[in-house]
Every structure is written in structure tokens, then in C-alpha cells.
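Protein chains in written order, with numbering that gives the first Met the number 0: chain Z, 0 to 211; chain V, 0 to 211; chain H, 0 to 211; chain W, 0 to 211. Where a beta carbon is used, it is the ideal one built from N, C-alpha and C, also for glycine.
Protein chains: 4
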Amino acid sequence: MTGQTPFERDRWEALLLDHAAHFYRNGWVVGTSGNLSVRLPGEEIRITASGGHKGALSRGDLLTVDGDGRVLSDILARPSAELSLHLAIYRHVAEAGAVYHVHTIESNLVSMWAANGELPLPPLEMLKGFGIPGHAAPPSLPIFDNDPDVSRIALQVEELFRRKEGAMVPGFLIHLHGLTVWGKTPEEALKHVELFDFLFRFQVQSRSMEGR
Amino acid sequence: MTGQTPFERDRWEALLLDHAAHFYRNGWVVGTSGNLSVRLPGEEIRITASGGHKGALSRGDLLTVDGDGRVLSDILARPSAELSLHLAIYRHVAEAGAVYHVHTIESNLVSMWAANGELPLPPLEMLKGFGIPGHAAPPSLPIFDNDPDVSRIALQVEELFRRKEGAMVPGFLIHLHGLTVWGKTPEEALKHVELFDFLFRFQVQSRSMEGR
Amino acid sequence: MTGQTPFERDRWEALLLDHAAHFYRNGWVVGTSGNLSVRLPGEEIRITASGGHKGALSRGDLLTVDGDGRVLSDILARPSAELSLHLAIYRHVAEAGAVYHVHTIESNLVSMWAANGELPLPPLEMLKGFGIPGHAAPPSLPIFDNDPDVSRIALQVEELFRRKEGAMVPGFLIHLHGLTVWGKTPEEALKHVELFDFLFRFQVQSRSMEGR
Amino acid sequence: MTGQTPFERDRWEALLLDHAAHFYRNGWVVGTSGNLSVRLPGEEIRITASGGHKGALSRGDLLTVDGDGRVLSDILARPSAELSLHLAIYRHVAEAGAVYHVHTIESNLVSMWAANGELPLPPLEMLKGFGIPGHAAPPSLPIFDNDPDVSRIALQVEELFRRKEGAMVPGFLIHLHGLTVWGKTPEEALKHVELFDFLFRFQVQSRSMEGR
Chain Z
0 MTGQTPFERD RWEALLLDHA AHFYRNGWVV GTSGNLSVRL PGEEIRITAS
50 GGHKGALSRG DLLTVDGDGR VLSDILARPS AELSLHLAIY RHVAEAGAVY
100 HVHTIESNLV SMWAANGELP LPPLEMLKGF GIPGHAAPPS LPIFDNDPDV
150 SRIALQVEEL FRRKEGAMVP GFLIHLHGLT VWGKTPEEAL KHVELFDFLF
200 RFQVQSRSME GR
Chain V
0 MTGQTPFERD RWEALLLDHA AHFYRNGWVV GTSGNLSVRL PGEEIRITAS
50 GGHKGALSRG DLLTVDGDGR VLSDILARPS AELSLHLAIY RHVAEAGAVY
100 HVHTIESNLV SMWAANGELP LPPLEMLKGF GIPGHAAPPS LPIFDNDPDV
150 SRIALQVEEL FRRKEGAMVP GFLIHLHGLT VWGKTPEEAL KHVELFDFLF
200 RFQVQSRSME GR
Chain H
0 MTGQTPFERD RWEALLLDHA AHFYRNGWVV GTSGNLSVRL PGEEIRITAS
50 GGHKGALSRG DLLTVDGDGR VLSDILARPS AELSLHLAIY RHVAEAGAVY
100 HVHTIESNLV SMWAANGELP LPPLEMLKGF GIPGHAAPPS LPIFDNDPDV
150 SRIALQVEEL FRRKEGAMVP GFLIHLHGLT VWGKTPEEAL KHVELFDFLF
200 RFQVQSRSME GR
Chain W
0 MTGQTPFERD RWEALLLDHA AHFYRNGWVV GTSGNLSVRL PGEEIRITAS
50 GGHKGALSRG DLLTVDGDGR VLSDILARPS AELSLHLAIY RHVAEAGAVY
100 HVHTIESNLV SMWAANGELP LPPLEMLKGF GIPGHAAPPS LPIFDNDPDV
150 SRIALQVEEL FRRKEGAMVP GFLIHLHGLT VWGKTPEEAL KHVELFDFLF
200 RFQVQSRSME GR
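In C-alpha cells form, the structure reads like this:
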């Protein structure tokens, strides 16, 4: 997180906006769902405002908050309702530089298949993108209950981080709600969204074929 | 509806045209199906002409009608055959500024699952986009029988508005025909189309997996 | 077919090329599959050359043939192997101005469901795009056996035209091969491809859900 | 492979980069999966670097290796981990000018249906794109076991080439991993990816409908 130049800060913001538009085109943040953030030097977090349409965001649709969620910018919008999830991740994952929260149909579908609060992931080569060595047992993805008060979900996320840190894939599901991922950089967070999406689509199509 | 400046009127028309092109790219208004309107100050309604291809509409493809459907513009085209549905909504929903009618495959599929003339919607977080509070019981979506005489469907829509106003999600289905939504603004109508589409796709894929 | 100006000829050729690129983006003419033609005044037919990739055709990829399939242009390419299908349609449908042949996955899937050599179409409002009056019984679509010698399929198409002319939807299927449509203009042929694609997708998804 | 002019070399590299971007848009090389190469005169192979995102590659993301996989360019990146698969193909298929390796969801799904190490392909007209004569029995596609050490897969590929050369479709699957194809030119390799993708999608959707 340290050592970013002003140029790098601009680039990260531009990437976040590009990725939001890309997610919208993919149908992953339709309506006004979804929220994206990056962490810049000095624990400044830039996050999408609440309620904006992700198809055509500009820099003016981003707010600055500090690590405790205090709004530092003077624009009138409120930060995303899921801000507490972003803060929980930045607090517990030192290297996290970007957090993306998306509402995909497949993430909603697979969230119904929890086994002990986790989704077993399929043993695809694609897991290599998470740095998981070949032929390792596939990891599971945590699934949290949905709650109209997102800060209560965030507390459970923090609780899990304390228990499992170092042994987690970079993401989690919320039941019938969506997928949240993080990465060292915006590019890595994008990659993680894509990898999970691939795995979920494989699982949904596989189950459709088998009639299980 | 009041207080729109000429600039705002131009912007709403431009949004309607953008949304039509977007719907076409999504496969929601293929052939010459689908129709879109906005309500401008003075109860002027701008609506797509009948039979046009939605891939490349221009302002010349829009007609002006009044609140009773009388054509005020002097172009030769006829207004959309579904004009009566648009008028019924504008008559009963004072804040409606845009009405969009689309033919999506999923809206046709879920329209077959009526229970007492309504489609129960799934309990997804995405419902929050309709302003429905978290953990509220999911609403149902009215489904009307299809009829070659659209004005007869419009009468049933008006009848329902009289019975249920204030307790409705902003849309309805017509059996094996399509989805109609409204919103305060073109942006909100777009959001509502996207939200319903997400819910319908979830339901179709969910049923494909379960083999119900 | 008569009365086209040179400007109109240019426009029709440009539309054919646009539609080919659009079909490619939709996955309907991948590999080197698919072929498109328009009929210009003087029974000149412009048709895509055999074996070209449809993603980026230009005017130089079109050949001119007469109504009997004799090549009138001096470019070295051969006309599409499905030329005989195009000629059969132009011969029997006086008002046909464009013929489009596409290989879509859904057209291959539904071609397996022949009942007496025909596919019953579902009773969707979308049928109105074919000019079929509301609440009429849905038409059926002819399905021909595939044959490595396309001219033998063309003979059967001609035979059917003689038997059924005036009572047909503007298209037919070839078993495990693809969909062929015609229209008065390129725009109408595009509309017909879109309408059939919508109906086929509805049928495929409907069957996936029902586990029939 | 001989006789390419400098212009032709530039064009092939540009095609490879275009195809990588196209595959990314199709969801076939998401995350950092997938790799593409072309063979230029003098047995110079240009291949994508390991770990790059395929959405926006440039020439600087390509490395030059010789036929034994020795890196000839002085950029710091490593060649793709699947390099050994590319080399195996170039070694045994004299006319191969391009090798594309993609991770599609459908290629992962159908790879589970091996019968004696092969996937029977469906009898679609689309097979004609491989130069397979009409009404010939559909070919099968080899499926190899996945292995964290890709060079061990490459050995099995070479073994198969020795046994079957001349009687193969231009591609193979790796179980729960992806599809590898080759072609005389980048355009032909693209065509082969598209043809296999069409066949796999047909098979997946067909099985979803039948509930087999």
C-alpha cells in the first residue's frame, strides 16, 4: 500500500471505474447494486457512492473515507451501504488494495448450496489463478447469512478473519445477496471476481445437466 | 413531472433512445417488439412508433401523444400498439415519468408460473433496489392474460391500480408476452427493468437446476 | 424488387455486411458457417463467398450470380455452398429480397424435435412480428433432413413451396444444421432471424426447466 | 511456415493479439488463464507471457522462444506454463502456424464425459468446418488427464501424435482444465476454437434439456 505515486493513485481510480463499467456490461452490478473501493496511501479509501448506476461512473461518484469509515470528502452523497464489509477486509488483510462487491445471478444461486456455512469449490485448473498448487484439495468459500443491517455481517466477517487468516481464498458469499472479493491491486481484485464467476457458472451448469 | 427545463426534456428523450439501443443489445426488444415512452411537462408523452427496429432509433422515431392518446405530432407513423398500457400507467401513477415495455425470454418463461394471477418473487437482496426493506416478505408481480386487443389488457391494469395502488412493485407481466415497468425517471425505469430481469433469470436458472 | 435506385442497392449491400457482423457477434455464424444474400434489380443476386469468416466481411467478399446461379462477377471465390437454397427461395417467393442462413446452437437443438417434419412453434406474442394475428393457432416450421449435397435439400424446399405457398412462415430448419429465412428487405430478413431465435431460445430454456 | 514476409509476421502477431482480446470478451481466457502462440519463419515461436491478463495484451507481452522452448527475447517475463503443449504440437504438426489454449466453461463441462479417453462429438453440419465430409461418422476428441506438471501432459500429447497422426481433429481437451487447438494460420486456429465451442455448447445444452 505504501509507495504509490500520485500517478499510481490516479491509475487505480481509473481502473476501479473501468472495472465498474465492465461489471455492468457483464450483468454483475445491474440496477444500482454492487460497490467497489481501492485503498490508497495514508489509509485513504475511495469507494463508490450509495445508489449510483455502475454503467457510467465518473470520479465524482467516488467518496473518500478513512479506515474507520469517516467520510473525508465534501460531496453530498453517502458511501455504499456495504462500506462496513470493505472496512472489515482492509482492517484484517494488510495487503488488500481493492475490494469489489458484485451481485451476480450465479453467486446468488450457488449461495443456496452451503454445507456448514461454506461452498465447496470444484477441482478445476482455474483454481491455479488463486495461487493454489496443482492437485491440492479445492478450498471452500465462506457463506454468511444475509442481514438487512450489513454491519452485523461485517462483524461475522471480522470474526472469521480472526479464526482463519492465512488459510482463505480472497472472497466470500452472502446468502442470496452476492460475492465480495479483495486483491492486492484493482487488477488482482478483477481477476478474483472473474475466477469465482467461472467456478460458479461451472457449478450451476453442471447441476443443470445432472438434474441433481 | 413539473419543473423540467427544455434541457431536461432533451436529456430524457436522449436517455429513452439510449435505453432502447441497450435493450436491443441485450436481446430484450428484438424483431420490432418493445416500446418506450417518457412523460414530459404538460402531459406530453413521447413514445416509440409502432413497428420500428429498436437497434437504431432516432428522435424522428418518437411520436407525441396527449394523456388520452391523441397524436399531437405530424409524423405519419402510428404510435406503438401498446400505447394504451402506457396511458393506463401515467393515469394512475402520478409520479411515473417513463414506461418501458420489453419482450425478454425470461419474462415469457416466468409468466407461465402464475399462482392466482401473480408471480411470487424470490427473496433476494436485489429487491432492495425497489426500496423494499430488508427481510420484508418478497412481493408478487401481477400477471395479466394476453389479449390481441391490448386496450382490454389496459382496462384490467387500470382495474388493478384502483384496487392495489400504493402496494405494488413498479411493473407487471402479460402471459407469454412481456414485462412492463415504470419509474419516476428514465433512469429509474431502466433500473426496474434490470432488477426484474435479474429476478426472472435467477428463477429460470434455479428451476433448471432443480428439475422441478 | 423493382424500382431500387443505385443508392438503394448500395444500402442493401451495406445492410447485408452489417447483419453478417451482427450475426457473428451473436455467435450465429461462427467458424466460416452461414451465408447471406440480397436480390437486386434485374435478378442480380449478391451472395457471400464460400468459406469466409463473417466477422469482418467487405464488399469484395460478395459475388454476383444470376437467378440460375451462374457467377457474373469475375472474382475468384466460389459462392456459398448453400447457394441452391437461396435460389430456390428467390424462385418461389416473388417478394423475397434477402435470404439469410445461420447456424445457431438453438436452431440445431430444436431441429431434433420434429413432429411429422415440422417444429410446432410456441404461442408467444412475439409471433405478431410475422404478421400472425393474435390468438391464431401458432404455425409450424418445416424441418428438412440434412444432406451433404445441398442441392438435394433445395429440391425438397422447392417441392414444399409448390405445396404450401401462401401458408408458410418465412423460414425453415435443416436437421442439425441451421435456420434459413427470407424477407422483403434485409431489415425484414434480420427481423425474421431474430424472431425465430427468440422462439427457439424460449423452447430450449422451457424444456431445460421442465426436464421433459 | 516458409515464405512469410516481414509484413506477414507483423500481421500474424496482430491477429494473435486481436484473438486474445476476442477470447477475453467471450469469457474464454478470464483471470490470467489461456495462452496463444504463432510460429514464424526460422522456427521462431511468439507466445504470450505467463500470468498476463488477456483483455489488453500488447506486443510487449509476447516472448520469442525456439522450437525447444529456449527464450530468445530479452524481456523479463517467463513464457506461459503451457509452453510445452505448444512445442509438442509444433514438433508433430508440420503445417501448424498457431496454437491457442483456452479455458471455457463448456470445455471443462464436456471434459467430464470421457469415454475411453475421448469425447464423441455430435453429428452436426458444423463439423464441415474441420473439412470432415458430410455424413461421415463424427470424430472423437482426445481428453488427457490434468497434471500440475504440464510437461507430463505434453509427453502424452506427443505419444498420441505418434500413434494417430493424420487421423485427428485439430485439438484436444485436458480434464477440468481447457481446450487446445491448432491451425495453419491464426485465422484457422480461431475458426477451430469457435467450432469446438459450438459443439461443446450444443452438447451441454442438449444434456441440460434431456436431463440425462
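At least one CB of chain V lies nearer than 8 Å to the CB of R200 (chain H). The DSSP assignment places 117-119 and 139-143 as complete runs of the beta strand (DSSP E) inside the segment 109-166 of chain H, in order along the chain (cut-off: 3 residues). Within the segment 142-164 of chain W, no residue has a Cβ lying closer than 7 Å to any Cβ of chain H. When CB distances to chain V are screened at a threshold of 7 Å, the residues of the segment 94-105 of chain Z falling below it are H102 and I104, in chain order.
Non-local C-beta neighbours of S139 (chain Z) in its own chain, meaning closer than 7 Å and more than five positions away in sequence, comprise E117, L118, P119 and L120, ordered along the chain. Taking C-beta atoms under 8 Å as the contact rule, T31 (chain W) and G54 (chain W) fail to qualify, at a distance of about 10 Å.
Taking the Cα of F199 (chain W) as reference, the smallest distance to any Cα among W:S106, W:V98, W:R8 and W:Y89 is reached at W:S106.
The beta-carbon of S32 (chain V) is placed less than 8 Å from the nearest beta-carbon of chain H.
Contacts with chain Z at 8 Å (Cβ-Cβ) do not include G51 (chain W). Straight across, the Cα-Cα distance linking S205 (chain W) with S110 (chain H) is about 12 Å.
At a C-beta separation below 7 Å, E193 (chain V) has these neighbours in chain Z: V29 and G30.
Less than 8 Å divides the Cβ of H102 (chain V) from the Cβ of W27 (chain V). Distance from the Cα of R161 (chain Z) is smallest, within the candidate group Z:A87, Z:N25 and Z:L15, for Z:A87. Residues of chain W with a Cβ closer than 9 Å to the Cβ of L108 (chain H) are, in chain order, F201, Q204, S205 and M208. The C-alpha of N34 (chain H) lies about 11 Å from the C-alpha of Y23 (chain H). Not flagged as an interface residue toward chain W: M111 (chain Z), since no C-beta distance is shorter than 8 Å. Rounded to the nearest angstrom, the gap between the Cα atoms of E94 (chain W) and G66 (chain W) is 14 Å. Counting only Cβ-Cβ distances below 8 Å, G177 (chain H) has contacts in chain W at E124, in chain order. In the three-state scheme derived from DSSP, where H, G and I count as helix and E and B as strand, H100 (chain Z) is classed as strand.
When rounded, the separation of the alpha-carbon atoms in H174 (chain H) and L84 (chain H) is 15 Å.
Using a CB distance cut-off of 8 Å, E12 (chain V) does not count as an interface residue toward chain Z. H134 (chain Z) belongs to the set of residues whose beta carbon lies under 8 Å from a beta carbon in chain W. The three-state secondary structure of P78 (chain Z), taken from DSSP, is strand. In the DSSP assignment, V37 (chain V) falls within the beta strand (DSSP E) that extends over N34 to L39. Judged by DSSP in its simplified three-state form, W27 (chain W) adopts coil rather than helix or strand. Ranked by how close their Cα comes to the Cα of V98 (chain Z), the residues Z:L108, Z:M125 and Z:L82 have Z:L82 in first place. In terms of Cα proximity to F129 (chain V), the closest of V:A80, V:T4 and V:V180 is V:V180.
In the DSSP annotation of this structure, the continuous segment of the alpha helix (DSSP H) that includes R200 (chain Z) starts and ends at P185 to E209. By the beta-carbon neighbour count (other beta carbons within 10 angstroms, threshold 16), E7 (chain Z) is exposed. Our two residues, F201 (chain W) and I104 (chain H), have alpha carbons roughly 6 Å apart in a direct line.
DSSP, reduced to helix, strand and coil, places L62 (chain V) within a strand of the structure shown.
For R69 (chain W), no beta strand (DSSP E) encloses it, and the DSSP letter there is neither H nor E.
Shown here, G170 (chain V) sits in a strand according to DSSP, grouped into three states. In the structure shown, A48 (chain W) falls within a strand segment according to DSSP collapsed to helix, strand and coil.
Taking a Cβ-Cβ threshold of 8 Å, none of the residues of chain W is close to K183 (chain Z); the smallest such distance is about 13 Å.
For L175 (chain V), the three-state secondary structure derived from DSSP is coil.
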